[in-house]
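Colleague: Have a look at this one.
2 protein chains.
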Amino acid sequence: MVEPWREGKGRIGVLRIGHRPGRDKRITTHVCLTARALGADVVYVHEPDERVLESVDGVVKRFGGPFETHLVASWRDIMRSWKARGAQVVHLTMYGIPLDEAVSRLDAERDLLVVVGAEKVPWEVYEEAEVNVSVGSQPHSEVAALALFLDRATKGEWDLRPFEGEVRVVPSEKGKAVSKGNAQ
Amino acid sequence: MVEPWREGKGRIGVLRIGHRPGRDKRITTHVCLTARALGADVVYVHEPDERVLESVDGVVKRFGGPFETHLVASWRDIMRSWKARGAQVVHLTMYGIPLDEAVSRLDAERDLLVVVGAEKVPWEVYEEAEVNVSVGSQPHSEVAALALFLDRATKGEWDLRPFEGEVRVVPSEKGKAVSKGNAQ
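Chains A and B, in that order, give the protein sequences.
Take 0 as the starting number for the first sequence in numbering that gives the first Met the number 0 and just add one per residue.
Take 0 as the starting number for the second sequence in numbering that gives the first Met the number 0 and just add one per residue.
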């Protein structure tokens, strides 16, 4: 189901590949939470790691969705099934084409799958992606790259997304204000 | 020294507080690398953790600077010394005022210190900051928040920053192209 705030636009998925359960738990959790907050509808994590989804699902439960999370055994199947349904598949890598050029090629009406790697990404991912996109040509962070890419791809509209959670933050100059109870 | 690409504009610093050496090594490394790639001139890490700076300094050595890294024993001293020199001090928190409103208050000619916390942030940080800024009102990632904040604060100009490193990435449609040898 596409959110009303993206009416007429495609679904956005994020595929996190190369997750190493021993090392990447927190970075992958940040990838998933950034996907949710910046406008994605679904995230897939490969390799499977249940501890990651516990944290993310806990946020969805308290702060709202809809947002789907899946552990997947094959990244190839996810890339191929999105492509087979007509989605644009982009891969974030510091070696790709510049962000603005890549975003100008996107069609907002088509679904979009964003592939986010850890340190080593199989060559096949570069081949399978329709566009390899670089968010700056410097080494930094897949979390930062995903945030900036989704910001540009949604033209900043992620910030308008309604979340139907039991906890909502109330912006304030100093302090931590929240309202509780079912929103809407 | 202010880079020519920021001529007439203030220096940008990032202060990472609440780093827990046992848990946060990779997230703090991503914070530091994001600071460098997105236009900051200097990063301070509290609590001190030499392993973080080894990774970051390695990137600066290969991909270029200038970019300063410091381990600090007191975050309070850094906040106060930047304020005493006239800098704007902003603190990124999901509880703060909206990003666009906060950025509209910034004066690009003044120095800017961006404070990025880990899970628990002392109350005093909210008090000492000139502005508490929320990058979306959802829980996500301090790495993503820093990237989006610096993108807005530099009006996207971070991408024009020259780095004088021995390795430079050459953007390409598929593959990993780099040029080596001293740039400039």
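All C-beta atoms, glycine included, are put in the ideal place defined by N, C-alpha and C.
Only a predicted model underlies this, so the values are computations on that prediction, with no experimental measurement involved.
Between A:Val-13, A:Lys-154 and A:His-139, which lies nearest to Ile-77 (chain A) when the distance is taken from Cα to Cα?
Modeller: Translated into the one-based positions of the first sequence, residue 77 (chain A) becomes position 78. The shortest C-alpha separation from Ile-77 (chain A) is found at A:Val-13.
Colleague: If we define contact as Cβ-Cβ less than 9 Å, is Met-78 (chain A) a contact residue for chain B?
Modeller: Here residue 78 (chain A) corresponds to residue number 79 of the first sequence, with the count starting at 1. Taking Cβ atoms only, chain B never reaches closer than 9 Å to Met-78 (chain A), which makes this a no.
Colleague: Counting pairs of beta carbons, one from the region 30-48 of chain B and one from the region 141-158 of chain B, are three or more of them closer than 8 Å?
Modeller: Enough Cβ pairs lie closer than 8 Å, so yes.
Colleague: Compute the Euclidean distance between the alpha carbons of Arg-79 (chain B) and Arg-10 (chain A), then round it to the nearest angstrom.
Modeller: One-based indexing of the second sequence puts residue 79 (chain B) at position 80. One-based indexing of the first sequence puts residue 10 (chain A) at position 11. Near 46 Å, if we compare the C-alpha coordinates of Arg-10 (chain A) and Arg-79 (chain B).
Colleague: From Tyr-125 (chain B) to Gln-87 (chain B), what does the alpha carbon distance come to, in whole angstroms?
Modeller: What you label residue 125 (chain B) is simply residue 126 of the second sequence in a count that begins at 1. What you label residue 87 (chain B) is simply residue 88 of the second sequence in a count that begins at 1. C-alpha separation (whole angstroms): 14 Å.
Colleague: What is the rounded straight-line gap between the Cα of Gly-21 (chain A) and the Cα of Pro-47 (chain A)?
Modeller: Translated into positions along the first sequence, residue 21 (chain A) becomes position 22. Translated into positions along the first sequence, residue 47 (chain A) becomes position 48. C-alpha separation (whole angstroms): 12 Å.
Colleague: Is the shortest distance between the beta-carbon of Lys-60 (chain A) and the beta-carbons of chain B less than 9 Å?
Modeller: Sequence index remark: in the first sequence, residue 60 (chain A) carries index 61 (1-based). Lys-60 (chain A) does not count as touching chain B.
Colleague: Within the continuous beta strand (DSSP E) that includes Glu-53 (chain B), where are the two ends?
Modeller: Within the second sequence, residue 53 (chain B) is the residue found at index 54, counting from 1. It is not in any beta strand (DSSP E) - Glu-53 (chain B) instead sits in the alpha helix (DSSP H) that spans 49-62.
Colleague: Who are the neighbours of Asp-158 (chain B) on chain A, taking C-beta pairs under 7 Å?
Modeller: Your numbering for residue 158 (chain B) matches position 159 in the second sequence. Within chain A, the residues near Asp-158 (chain B) are Gly-135.
Colleague: Check whether chain A comes within 9 Å of Ala-144 (chain B), counting only Cβ atoms and requiring the distance to be less than that.
Modeller: By 1-based counting over the second sequence, the position of residue 144 (chain B) is 145. With 9 Å as the cut-off, Ala-144 (chain B) counts as an interface residue toward chain A.
Colleague: Check whether the region 98-113 of chain A touches the region 138-152 of chain A, counting contact only when three or more Cβ pairs, one atom from each stretch, lie closer than 8 Å.
Modeller: Output reads yes: the region 138-152 of chain A touches the region 98-113 of chain A.
Colleague: List in chain order: all unbroken beta strand (DSSP E) runs of 3+ residues lying wholly within the region 87-171 of chain A.
Modeller: Taking only runs of at least 3 residues, the beta strand (DSSP E) segments lying wholly in the region 87-171 of chain A are 87-97, 111-115, 130-133 and 166-169.
Colleague: Listing by chain order, which chain B residues have their CB less than 7 Å from the CB of Glu-126 (chain A)?
Modeller: Position 127 of the first sequence, counted from the start, is the residue given in the question as residue 126 (chain A). The contacting residues are Lys-173.
Colleague: So is His-139 (chain B) in contact with chain A if we call contact Cβ pairs under 9 Å?
Modeller: By one-based count along the second sequence, residue 139 (chain B) stands at place 140. True, the Cβ-Cβ gap to chain A drops below 9 Å.
Colleague: Kindly confirm or deny that the region 93-101 of chain B and the region 124-143 of chain B touch, where touching means at least three C-beta pairs closer than 8 Å.
Modeller: Yes, they touch.
Colleague: Check the Cβ of His-29 (chain B) against every Cβ in chain A and list those closer than 9 Å, keeping chain order.
Modeller: Here the question's residue 29 (chain B) lines up with position 30 in the second sequence. Simply Ile-26, His-29, His-139, Ser-140, Glu-141, Val-142 and Ala-143.
Colleague: Is the beta carbon of Phe-62 (chain B) sitting closer than 9 Å to the one on Val-166 (chain B)?
Modeller: Along the second sequence, read from residue 1 onward, the residue named residue 62 (chain B) stands at position 63. Along the second sequence, read from residue 1 onward, the residue named residue 166 (chain B) stands at position 167. Yes, Cβ-Cβ distance for Phe-62 (chain B) and Val-166 (chain B) is below 9 Å.
Colleague: Quick one: give me the first and last residue of the beta strand (DSSP E) that Ser-178 (chain A) is part of.
Modeller: Taking the first residue of the first sequence as position 1, residue 178 (chain A) is located at position 179. That run of the beta strand (DSSP E) goes 176-179.
Colleague: Using a Cβ cut-off of 7 Å, pull out every chain A residue sitting near Gly-64 (chain B), in sequence order please.
Modeller: To locate residue 64 (chain B), count along the second sequence from 1; it is residue 65. Correct list: empty, because the minimum Cβ distance to chain A is about 11 Å.
Colleague: If you draw a straight line from the alpha carbon of Lys-119 (chain A) to that of Arg-75 (chain B), how long is it in whole angstroms?
Modeller: Within the first sequence, residue 119 (chain A) is the residue found at index 120, counting from 1. Within the second sequence, residue 75 (chain B) is the residue found at index 76, counting from 1. Computed Cα separation, rounded: 38 Å.
Colleague: Let me see if you follow: with CB-CB separation under 9 Å, is Arg-22 (chain A) close to chain B or not?
Modeller: Residue numbering aside, residue 22 (chain A) sits at position 23 when the first sequence is read from its first letter. Chain B contact via Cβ: present.
Colleague: Measure the C-alpha to C-alpha separation of Gly-17 (chain B) and Gly-7 (chain A) and round it to an integer number of angstroms.
Modeller: Walking along the second sequence from the start, residue 17 (chain B) turns up at place 18. Walking along the first sequence from the start, residue 7 (chain A) turns up at place 8. One C-alpha to the other measures close to 43 Å.
Colleague: Closer than 9 Å, CB to CB, is Arg-15 (chain A) near chain B or not?
Modeller: As a working note, residue 15 (chain A) is residue 16 in the first sequence. So no, Arg-15 (chain A) is outside the interface.
Colleague: Considering only C-alpha positions, which residue in the set A:Ala-128, A:Ala-107 and A:Lys-60 is nearest to Phe-162 (chain A)?
Modeller: As a first step, residue 162 (chain A) must be located in the first sequence, where it is residue number 163. It is A:Lys-60.
Colleague: Could you work out which residues of chain B lie near Thr-33 (chain A), taking near to mean beta carbons separated by less than 7 Å?
Modeller: As a first step, residue 33 (chain A) is located in the first sequence; it is residue number 34 there, counting from the start. Per Cβ cutoff of 7 Å: His-139, Ser-140 and Ala-143.
Colleague: Just to confirm, are Asn-174 (chain B) and Gly-64 (chain B) a CB contact at a threshold of 9 Å?
Modeller: The residue you call residue 174 (chain B) lines up with position 175 of the second sequence. The residue you call residue 64 (chain B) lines up with position 65 of the second sequence. The sequence shown places Gly at residue 174 (chain B), rather than the Asn named in the question. No, the pair does not count as a contact, with Cβ atoms beyond the cut-off.
Colleague: How long is the line joining the alpha carbons of Pro-3 (chain A) and Phe-66 (chain A), rounded to whole angstroms?
Modeller: Position 4 of the first sequence, counted from the first residue, corresponds to residue 3 (chain A). Position 67 of the first sequence, counted from the first residue, corresponds to residue 66 (chain A). One C-alpha to the other measures close to 14 Å.
Colleague: Taking beta-carbon pairs under 8 Å, can you tell me which members of the region 35-54 of chain A lie near chain B?
Modeller: From the region 35-54 of chain A, only Arg-35, Ala-36 and Leu-37 have a Cβ closer than 8 Å to chain B.
Colleague: I need the boundaries of the alpha helix (DSSP H) containing Ile-77 (chain A), first residue and last residue.
Modeller: Your numbering for residue 77 (chain A) matches position 78 in the first sequence. 74-83 is the extent of the alpha helix (DSSP H) around Ile-77 (chain A).
Colleague: Please check the pair Leu-70 (chain A) and Val-55 (chain A), which I expect to be a contact at CB under 8 Å, by giving their CB distance rounded to whole angstroms.
Modeller: The count along the first sequence starts at 1 and reaches residue 70 (chain A) at position 71. The count along the first sequence starts at 1 and reaches residue 55 (chain A) at position 56. Incorrect: roughly 11 Å between the Cβ atoms, too far for contact.
Colleague: Are there 16 or more other CB atoms within 10 angstroms of the CB of Asp-99 (chain B), so buried, or fewer, so exposed?
Modeller: Working through the second sequence from its first residue, we reach residue 99 (chain B) at position 100. When all chains shown are included, Asp-99 (chain B) counts as exposed.
Colleague: Using the rule of at least 16 other Cβ atoms within 10 Å of the residue's Cβ for burial, across every protein chain shown, is Arg-15 (chain B) buried or exposed?
Modeller: Locating residue 15 (chain B) in the second sequence gives position 16, counting from the first residue. By the 10 Å Cβ count, Arg-15 (chain B) comes out buried.
Colleague: On the DSSP bridge list, what partners appear for Ala-15 (chain B)?
Modeller: Locating residue 15 (chain B) in the second sequence gives position 16, counting from the first residue. Per the sequence shown, residue 15 (chain B) should be read as Arg rather than Ala. Answer is B:Val-44 and B:Val-115, bridged to Arg-15 (chain B).
Colleague: Whose Cβ in chain B lies nearer than 7 Å to the Cβ of Phe-162 (chain A)?
Modeller: Start at 1 with the first residue of the first sequence, and residue 162 (chain A) comes out as number 163. By Cβ distance, chain B contributes Gln-137.
Colleague: Please classify Gln-183 (chain B): is it buried, with 16 or more other beta-carbons within 10 angstroms of its beta-carbon, or exposed?
Modeller: Within the second sequence, the letter at position 184 stands for residue 183 (chain B). Here the model assigns Gln-183 (chain B) a pLDDT of 44, short of 50, so the residue's position is not dependable, and the following value carries that caveat. Exposed.
Colleague: Any beta carbon of chain A sitting closer than 9 Å to that of Arg-75 (chain B)?
Modeller: One-based indexing of the second sequence puts residue 75 (chain B) at position 76. Judged by the 9 Å Cβ criterion, Arg-75 (chain B) is not in contact with chain A.
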